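Protein chains in written order, with our numbering: chain R, 320 to 650; chain X, 6 to 380; chain V, 12 to 313.
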């Protein structure tokens, strides 16, 4: 593969990281804001991987959080066991990284299994089946007593910090960007545009559809692991259809097929949730209007409907920001 | 347009944080967490009422450490991830010196590690899962725990109801109901009874007929239903429809006016273990019930009583500690010997209170005190 | 084993199946006519239940519970379901009629979420569950070894009556013919002078009204309503429609009763299996016989 220049993305990423770190160290951003930023980054991974499957390959997966669940539980269980056996491993980031990656691999295996129905099913049916798989994963996890069952997986050691999460997110974006803008990515796009034509043109649609699921699932699993280690808990209810719907809204709001869009949407919606929480709490406590935070979800539902009705292509459409586009090396 | 919306909300959030910083020295801030929405919403509403009432009483008497007390309340929606988020917000953003909450064990279990790591003391109001206080020495609770509750239920069923065969139904997706059934089964069997049926149902089920048919085929003397009031009402109705005439027994999840509202005649003559009874004649309870009725125009349930006691105990601990320092509050709390509405509260080595349980009977559509069971 | 396939369990399964049938019919009719899986259909069911609840308390001021009240409440539940279906069609689905199908699907998800969360957020409606009033006094009958309440009879009778009415509508009336025409070939029907949008709206209304009726029956039988009550029944009814052959009216009924029975037997055996049986059925159907039991094999147009 050609050596791909990534100076623009590298500069942008380094700048972002430095700015946030400085803000944290000077105390302008307290722990709560750091959690929000961390969650935004994790959602960037989740939204962009869903975008890979839905937006770029044109499949319709509704159970994306199921992959995150697998990643969370696999990595969480492993670190919990390691920590119990040898508390000094707590400081060993190496073990943590290995566990996260194993979580991603576990999710990728599941993605591989789910990739197969996608070969035969289209649109609506694929949506329902992926939804079903997501629910099955959740139900299975809810019933395995070893990982806590309905109590959830608790006491996961806290490994996720801003640096770790940022690095994983950056790495994911770079990889996805490179994939999409390579010949493989073009193959996937052709499947989205017209599967039959691309099959006739010689594209191995089977390979690329399954690849989409596997890569998407792998990174979603990593994201799930990061989230579990951030919240120190993994519970089956976090990975149901409701959570997958939020991802869907992010992908559509940002723009199907635009990684930049997913990044923007992930940050915006995570911050929006917290902003709405503050706002609604204020309205309830200071002004006395009896409303609850369900209105946040009403806002999201309306957002999704408006986007579909009036701006189907989302914020970015299919465009990418210049920062992400790889320059062709001209000879 | 989107970026301006984003900036607006970030601005609001940041503004909120600045506002929070300002007043920290002029008042005492505590955090309150309860499920104001979600499947346990009535629990959360009652708990919050109890918390608010206790807070108002302290402020009327001059506050804590001569400063007014303010509570930052957060809704955990009965969701552990949400609980973790709001716990972090209360501690990092609102800078509370202590947290009172929450109702559901799975949410308390999510918040406890955060409290422990931040050294902010926490007192759970009605989380009965034993693991909650085992998280660390900053974590307390004001209610009894499930091993005790399940045992009490079994003793009552065997000794008082003279049941020889019991059948259990619980929610497999809910650790509380599952745990309670397990403890009941263990004690009932140990006493010499036989658990002839042990069925779980999925969370959110409304049609329990399949499981009930299977359970009732074994002809149990009593049905132990450890679910929350919502499901209990339906289960009771369907059990009666299928011809079950015996008594049903349950845990503190039954405690809600909605139980009799939805369950109607089906729950008549049934029993449940609870933290307190509004018919208790001790002066503390009488006073509490009177004030609660005046303020909220309703009879307080156990959740409200626990919220009230927990808040009182935490504020009392802060007062006795003489400071808002987490360590000092925690030490003061550990030494507490408090006469609460829900009993005399003293903590054991695991920071669980050593107190009794009451058995409530549903008679004439109302909760009637039946008996007290001591540990 | 005896208590799994017992007469009682069969009765339980049939009762469940009747409710699924009414919901499944709505799914299948809408899919047949616009090829849309209306994710929000389960929420029309929920709206119908709440409409029934509201109607009861409204009329209870001057009408006691009983046969007359039940009838009024049924009509209003159906009206409520029809109304919300028409609104959804008009504002969310119609504008996207000629856009890619995926857009409609995602919008349907949005409508579903909107209904659930709005009902949950409204101060006088949600989010806590509410007990459904006892519309009719409950009477128990013994049929063989099974306890059959009059509610079971009502569920089956109402479902049967509506299904017969629907069959008559589709086979014998001009509108029914138009519905069949549009579902077969939308463009040809338009060329023949049929007002396609009106037919589609009518179909949504009928489907919605059936869902509303199911909502009332569910409220009556499992007397508790809450804003999220439509999610699982909606999904299972959809799977039932797929099982029977999506787009096929008798298929939806057949699939629904099979689903009701299968779910009851599976739950009696093991509650975990009961939870997952619907999805197992879905995956088996989609992998082995995607057109469903009564579905026609449609050739893939190249």
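Built from N, CA and C at the ideal position, the CB exists for glycine as well.
Since the model is a prediction, treat every value here as computed from it, not as a measurement.
{"Query": "Cα-Cα separation between residue 26 (chain X) and residue 35 (chain X), rounded to whole angstroms", "Result": "Legend: pLDDT at residue 26 (chain X) = 41, less than 50; position of this residue unreliable, value from coordinates given subsequently. Their backbone Cα atoms lie some 14 angstroms apart in a straight line."}
{"Query": "Closer than 8 angstroms to chain V by CB, residue 248 (chain X)", "Result": "yes"}
{"Query": "Spatially closest choice to residue 319 (chain X) from X:306, X:336, X:93, X:185, by CA coordinates", "Result": "X:336"}
{"Query": "Any C-beta of chain R under 8 angstroms from that of residue 348 (chain X)", "Result": "no"}
{"Query": "Chain X contact for residue 182 (chain V) (CB, 8 angstroms cutoff)", "Result": "no"}
{"Query": "C-alpha gap between residue 223 (chain V) and residue 184 (chain V), whole angstroms", "Result": "23 angstroms"}
{"Query": "Where residue 478 (chain R) sits in the DSSP three-state scheme", "Result": "coil"}
{"Query": "Near-chain V residues of the region 438-467 of chain R (beta-carbon distance less than 7 angstroms), N- to C-terminal order", "Result": "440, 442, 443, 444, 446, 447, 448, 451, 454, 455, 458, 462"}
{"Query": "Short CB-CB distance (under 8 angstroms) between residue 183 (chain X) and chain R", "Result": "yes"}
{"Query": "Supposed contact pair residue 167 (chain X) and residue 225 (chain X) - C-beta distance, whole angstroms, cut 8 angstroms", "Result": "Going by Cβ atoms, the distance from residue 225 (chain X) to residue 167 (chain X) rounds to 13 angstroms, so no, they are not a contact pair."}
{"Query": "Helix, strand or coil at residue 175 (chain X) according to DSSP, with G and I counted as helix", "Result": "strand"}
{"Query": "Beta-carbon proximity check, residue 96 (chain X) vs residue 357 (chain X), cutoff 8 angstroms", "Result": "no"}
{"Query": "Where the alpha helix (DSSP H) through residue 278 (chain V) begins and ends", "Result": "260-280"}
{"Query": "6 angstroms CB neighbourhood of residue 586 (chain R) in its chain, flanking five on each side removed", "Result": "359"}
{"Query": "Secondary structure of residue 377 (chain X), DSSP reduced to three states", "Result": "strand"}
{"Query": "Residue range of the unbroken alpha helix (DSSP H) whose run includes residue 226 (chain V)", "Result": "207-232"}
{"Query": "Rounded separation between residue 366 (chain R) and residue 569 (chain R) - CA only", "Result": "6 angstroms"}
{"Query": "Neighbourhood of residue 294 (chain X) by C-beta, 8 angstroms cutoff - its chain only, sequence neighbours within 5 removed", "Result": "283, 304, 305"}
{"Query": "Interface flag, residue 243 (chain V) vs chain X, CB-CB below 8 angstroms", "Result": "yes"}
{"Query": "Nonlocal neighbours in the same chain, by C-beta distance under 7 angstroms from residue 359 (chain X), ignoring five residues either side", "Result": "351, 353, 380"}
{"Query": "Enclosing alpha helix (DSSP H) for residue 548 (chain R) [first to last residue]", "Result": "524-550"}
{"Query": "Chain-ordered chain V contacts of residue 385 (chain X) [CB-CB under 9 angstroms]", "Result": "Nothing can be reported for residue 385 (chain X): it is not among the residues displayed for chain X, which extend from 6 to 380."}
{"Query": "Burial state of residue 368 (chain X), where buried means 16 or more other Cβ atoms lie within 10 Å", "Result": "exposed"}
{"Query": "Any C-beta of chain X under 8 angstroms from that of residue 389 (chain R)", "Result": "no"}
{"Query": "Simplified DSSP state of residue 146 (chain V), which is helix, strand or coil", "Result": "coil"}
{"Query": "Closest Cα partner of residue 662 (chain R) within the set R:577, R:350, R:511", "Result": "There is simply no residue 662 (chain R) to check, as chain R begins at 320 and stops at 650 in what is shown."}
{"Query": "Unbroken beta strand (DSSP E) run spanning residue 228 (chain X), endpoints", "Result": "227-230"}
{"Query": "Close beta carbons around residue 60 (chain X), own chain, < 7 angstroms, minus the five adjacent residues each side", "Result": "74, 76, 316"}
{"Query": "Proximity below 8 angstroms, CB of residue 161 (chain X) to CB of residue 378 (chain X)", "Result": "yes"}
{"Query": "Neighbouring residues, chain R, relative to residue 114 (chain V) (Cβ below 8 angstroms)", "Result": "627, 631"}
{"Query": "Beta carbon proximity, residue 616 (chain R) to chain V, threshold 8 angstroms", "Result": "yes"}
{"Query": "Inter-residue CB distance, residue 547 (chain R) and residue 414 (chain R) (contact presumed, cutoff 8 angstroms)", "Result": "That pair is no contact at about 15 angstroms."}
{"Query": "Beta-carbon neighbours of residue 571 (chain R), restricted to chain V and to distances below 7 angstroms", "Result": "117"}
{"Query": "Integer Cβ distance of residue 131 (chain X) from residue 308 (chain X), believed to fall under 8 angstroms", "Result": "6 angstroms"}
{"Query": "Reduced DSSP secondary structure (H/G/I, E/B, other) of residue 198 (chain V)", "Result": "helix"}
{"Query": "Residue 552 (chain R) beta carbon less than 8 angstroms from that of residue 89 (chain X)", "Result": "yes"}
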